[in-house]
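All remarks here apply to the structure that follows.
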Amino acid sequence: MDEYPPCSLDYCLPLAVILGLPSKYVQQSSLEAEYKEGATLIRSEPPPVEGDQVAALVQHLRDSDASGQPWNARYTSGAKYRFRFRTAGRTYLLPARLARLPEDVDIPPSQAVLHSPFSPLSPSSNLYPDGLIDHRWLKKHQELIPSVFVCLYSLTAEPTLATLHDNKIRADIGVLRNAIAQSGCKSRLAVVMLVDNSSGVQERLESIRRGSGLDPKSFFTAPADASPGELGRILDNALTTIYAQSIDYYRDLGRHARKKRSRGVAPQPTVPPTSGTSQTLSLAGWNIRYDFKSAIFAEYRHEMDTALRSFEQAYESLLSSEVLEIIPSWSPRWNQARFLADIIAVRCIRCLLWHDQHTAAVRRWESHRERIADIVDRQGHGTNNYGWEAWEARWSVVMANLIEKADIPDFDHSFISLYLLPEKAAQTERIQPWELLHHPGYWYRLAARHTAARRKLAYLMPEDDRRSPSESPASRLAAKAFNYDNYMCPDPYDELPLARSGVNHSQLILNYLLSAQSYFIKKRQQRLAAEVSLECAKELATARDWANVVKILRPFWDEMSFRRDGWPEITEDMCWVLRAAAVETSQADLVVSIDWELMNKRYPKHPKWHYDLGKSLEGVHAPKPSINVSDDLGTSFIKPSFAFRHEDGKAGQTCQAQLSIASNAVLGSAPVILESILIEFDGSIKPVLLTHGPGNEGSSSRRGPVSLNVVSLAETKSSAAQEAEDVGAASHLRGTSNLTLEAGRTNVFQLEIPLREPGEASASSLRFVVNNDAFALTYSTSVEKAGTGHVWYTAASKRRLARTHPQSIRVLPRPPKMEIKEINFLDQYYTNEVVELPFDIVNEEDADATAKLDVTVLGEEPPGFTIRLAGGAEEESSTDGEESSLRGAALGAIKSSESSRVTLFLSAAERTTAYTLTLKVSYSLLTDPETTVIQGATYRINVASPFEANYELLPRLHPDPWPSLFDHEGIQKPSTESPGPGHGLAQAWCLITRYASFASEDLKVTDLDIEIQPVHGVHCQTSKRKALPSEGIQVSPKTIEETQFDVAVKRASLDERNPIGLDVSFVIKWSRLGAEPGAVNRTVLAVPRLPIFGTEPRVLASVSYSDDDSGQGQIVFLDVTIENASNHFLTFGLTMDPSDEYAFSGAKQTTLSLLPISRRAVTYRLLPLVEGGQWIRPSLAVKDTYFQKVLRIIPTEGMRADKEGVSVWIPPVDEDED
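And the structure:
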């Protein structure tokens, strides 16, 4: 787009001129000299505004200028205004509205009808008399005539000069308005006043506005001391209001253009034409002009739909038979009409992209190209010349620029989007692939191709056409004057002159290719990026810019995608170009790497190359390089293959293997002598190093193109220098053989490799070293990539190996004779005891052995353990996640037929679990220390809980009285000097525990107890009802034992009454029968949480017995105690009904009133009427009189309860007597 004249293709934005700025912010006027004559000077008399706010104001205008914003609707929809700003001082030149009458015209000025200097009706215009419209008219509205003038004034704060200064501002505004009106322009005027906050400012401003006749929407104020942020907000509000007036200005101009078109009459020029064709612009031409103007003014208003319709109408009229087809190709109007067609087509495409009609935009681009090509072929100079190719390249660049300016999100933020899907309106039609909108790289590449075609056609021009006009006779010039299309491109003698440089086609092609390359790389189109880079490199090579050739091609040569995809032609082409650049830039490592790749016979033989790696650096002045080459950096002519003869082998033995190296070098190339070959393995096999030497002739045989060499290997240990230079390991296997590689031959090296440790082993990588006087090269490759057709060679034949992975071998372990024996394992292990596991490591080998022990314990929570070795030394394990292990415990030397005792102590487990215990003994015989033999054993250790228990909590009556709220002495808190038991509520409970042994053997229980976790504010006391014997009790499996504990709890304060729960644990101390004295295990069983101190009323029944002195029988005392732990006054009704089982003494029906936090008891004397040894059920009921709720009576010791109520036990007579 830069090749088109200024303003011809720019997006139309309303122009706003800022008047009243200091000279350092003033932009130079772009009014050309030919239009300055008769121009209107807009002058403002007050001095320019000064102050710190001016810089902030100008900076805000520059930031708000929309000239560099994307050409899309997304940005417009979010912007309040869009202006192109020009800054000026107190003067500004407007172009003359009417052109002057030529001096040689005889028409009196009073009778002449004058027109705009930009109109084809004016003799002074370049378009006179039959031109259509050019870029000067576009520049007129984009840079010369603003839609609005914004004039800045500062209001003085001096009281004595205020009136005079205000009058001058008022008069100056009037002068500006008259000057704008006299110029013929319809530009608006707006005023911005910079004022302070002194008193009376508003009255002065209102007086200036009314006196100058300005509308309130055109008069704005800004504080002189405003911050930059506040000033920006004020200007945004003002410019938003002014923007609406600017849009009205362009709407009036569009309405005026449509009005002229509707007249249907071609206007007459100021002076009738008397030269040339002597014809004026036709009515069809005037309609094109009016439609074009209407479309441009619609663009200013951002009405892109309207603009597109007007542009399309103007375009069709322009390319019709009435306009373009009647213009001869030799006329200057031909190129002007083509230029106008290009402008209209570009603006149509921009309108389509504005509305996201991407496929329609591409079709519009293609349609314009085809229609112009048809017209040029029929009426012009044809399309087979450099001028047409120059236009094709320019047209492609224009499309790329439009896409870039449109800032399409899918192209900017997504590397996957190579093209855009068609819009809905185009999906119903058949769409060709090239009709989809591709990213700009596609269009830049197209431009580069057309530029290359332009250069080719330029070189096909005859030399006579390329001579300067001053060197050719006039007759010859006349003959070739119209042979070439010079639309927006140089003439032949400037395109490609003979005696001097003309158009730099290579630079143009390079610029387009580099632009395309950046997009292809961004979109990860590696193939296209490599292809374009190669074209760039060829252009740079033509210009002998070798450094940039390397810079462009090296990344793609290293990346190797074209090799992987099977493009040898591109690979070869790139290698030769890159090699030439590397030689010129003295990059010796790159030259050798490329020569290594070009030695491959897959590339055609170059007749002028030596194919000798020893001569690669001839003519390259550089120190001796060290090069590392791998399969990732190039294609090698060496095709190696490695295979084991057998699939299995045994540790301590040897296995046969063959390394085959086929040379795929170009036939006739010089042999390559390798210094060494290193074979590395995954597994326990040590690296094999083959060095070049004469070898043993008796162990070599040749049959056809195959050479079989039997190599003897010896294990050696490297010195420090050899470690760094050769292998980097402590030891390796070394052999010597002839390592000369000849083109078309296969060298086979047969090896006897010793196997040491069991497991999977495979050849992993190969390293070939070439070291001569010129360079040192190391080629590395992996065995898996080396080849798949593995063959086993013999002196007389060869056979194919049918195995899937012949480069791998399974090394079977040597049968171990070291036994691991467990000693006296118990049948069952229990929680809370240390598990002791003794083992004997028995050496049944024929020779002494040095052994190490690895122990691993697996489980959900693996325990730590300790190992006690034969000498008494102990080692501890380390725990990591679900594994507890100990590695490399030294057992020392174990003589043949002897054993070593190892004892394992597992820490006590807290809960039931299971462990997997693995012991692995790694040993080597003193007669063969290099071979390691492994013996392992795995055991399952189950840890079970020895006891299970269930629990029952029964209430009891606490003997202590409850405190009273009316006894202040009884509820005082204990002092810190004399702490004592709490003064709160007290309760008593009985915890009955029934436990059973789940062990597989009898166990001895030595003690039983309960532990209560401390609770804040509660004092707890526990006691056993029955103590165990000092020697303990023996508990058999599956038997249930019972024990009881009394629990007395008391609150520390009467203020605490919330329910609480006790966390209790049942502790059993036990030991195995026959265990050592003092070896006691402690098992802790969790008791469900015990709730105490409820807030509901509780009724407790207790019983006692006494003999009646009268001899009438025993008396049963039934005490009913009601506890009220709440803060409420409660009343209860007690009812005792008579029964046949007893007679009673006491109230049959009574009422008890309980104060808050109190308890009361009622006693009944019962005389049993039944024989002893039975249960009687008193007919007793307790009811809450307020809620009418019957309370459950809770029995205590000597009583029981069921669904029908509580029962009292009547002892037999003999029991009572006892």
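Letter by letter, the sequence shown follows residues -15 to 1202 of our numbering.
No residue lacks a Cβ here, since even glycine has one placed at the ideal position from N, Cα and C.
Small disclaimer: the values here were computed from a predicted structure and weren't measured.
{"Asked": "Helix, strand or coil at H125 according to DSSP, with G and I counted as helix", "Found": "helix"}
{"Asked": "E828 versus T788: straight-line alpha-carbon distance, rounded", "Found": "39 Å"}
{"Asked": "Distance between T922 and G848 (C-alpha atoms, nearest Å)", "Found": "18 Å"}
{"Asked": "Own chain partners of Y76 with C-beta closer than 7 Å, once the 5 adjacent residues on each side are dropped", "Found": "V1, L3, I26"}
{"Asked": "Neighbourhood of I1024 by C-beta, 8 Å cutoff - its chain only, sequence neighbours within 5 removed", "Found": "R978, Y979, A980"}
{"Asked": "L937 versus F982 - alpha carbon distance", "Found": "24 Å"}
{"Asked": "Buried or exposed (CB count within 10 angstroms, at least 16 for buried), V249", "Found": "exposed"}
{"Asked": "CB-CB length for I333 against L302, believed under 8 Å", "Found": "Actually they do not touch by this definition, with Cβ atoms about 16 Å apart."}
{"Asked": "Option nearest T915 by Cα separation, candidates T834, E659, E664", "Found": "T834"}
{"Asked": "Proximity of A646 and T730 at Cβ, strictly below 7 Å", "Found": "yes"}
{"Asked": "Length at least 4, wholly inside the stretch 765 to 849: the alpha helix (DSSP H) runs in chain order", "Found": "767 to 770"}
{"Asked": "Sequence-distant residues of its chain with Cβ nearer than 6 Å to P800 (five each side left out)", "Found": "V917, Q919"}
{"Asked": "Boundaries of the beta strand (DSSP E) in which P1075 is found, first to last residue", "Found": "1074 to 1076"}
{"Asked": "Of the residues L875, V826, P104, the one placed nearest S883, counting alpha carbons only", "Found": "V826"}
{"Asked": "Range of the contiguous alpha helix (DSSP H) that encloses Y299", "Found": "288 to 302"}
{"Asked": "Residue nearest to L725 in terms of C-alpha spacing, selected from Y763, A654, S685, Q734", "Found": "A654"}
{"Asked": "Short Cβ contact (7 Å threshold) for H119 with C(-9)", "Found": "yes"}
{"Asked": "Cα-Cα separation between S171 and R161, rounded to whole angstroms", "Found": "10 Å"}
{"Asked": "DSSP three-state assignment for L601, whether helix, strand or coil", "Found": "coil"}
{"Asked": "Range covered by the alpha helix (DSSP H) that runs through N934", "Found": "Not the alpha helix (DSSP H): N934 falls in the beta strand (DSSP E), residues 931 to 940."}
{"Asked": "Inter-residue spacing [alpha-carbon to alpha-carbon] between Y227 and P257", "Found": "43 Å"}
{"Asked": "C-alpha distance - S1014 paired with K988, whole-angstrom precision", "Found": "11 Å"}
{"Asked": "Distance, K244 Cα to N271 Cα", "Found": "9 Å"}
{"Asked": "Range of the contiguous beta strand (DSSP E) that encloses K408", "Found": "K408 -> not in any beta strand (DSSP E); alpha helix (DSSP H) instead, spanning 408 to 411."}
{"Asked": "Y284 (DSSP reduced to helix, strand or coil)", "Found": "helix"}
{"Asked": "Cut-off 7 Å between Cβ atoms - residues of its own chain near P1043, not counting five sequence neighbours on either side", "Found": "P1075, F1077, G1078, T1079"}
{"Asked": "7 Å Cβ cutoff, L1114 in contact with chain B", "Found": "The chain inventory of the structure shown lacks chain B, comprising one protein chain alone."}
{"Asked": "C-alpha gap between A146 and L292, whole angstroms", "Found": "53 Å"}
{"Asked": "Counted within 10 angstroms of its Cβ, other Cβ atoms place G633 as buried (16 or more) or exposed", "Found": "buried"}
{"Asked": "Endpoints, the beta strand (DSSP E) within which S625 is located", "Found": "622 to 628"}
{"Asked": "Cβ-heavy atom distance, K592 to the ligand SAH, below 6 Å", "Found": "This structure lacks the ligand SAH; in fact it carries no ligand of any kind."}
{"Asked": "Exposure of A166, with buried meaning 16 or more beta-carbon neighbours within 10 Å", "Found": "Note that residue 166 is Gln in the sequence shown here, rather than Ala. Exposed, because fewer than 16 other Cβ atoms sit within 10 Å of the Cβ of Q166."}
{"Asked": "Span separating the alpha-carbon of R353 from that of E376", "Found": "8 Å"}
{"Asked": "Unbroken beta strand (DSSP E) run spanning W973, endpoints", "Found": "970 to 981"}
{"Asked": "Limits of the unbroken alpha helix (DSSP H) element including L1138", "Found": "No alpha helix (DSSP H) contains L1138, which is instead part of the beta strand (DSSP E) from 1133 to 1138."}
{"Asked": "Anticipated Cβ contact below 8 Å, L853 with L888, distance rounded", "Found": "Going by Cβ atoms, the distance from L853 to L888 rounds to 11 Å, so no, they are not a contact pair."}
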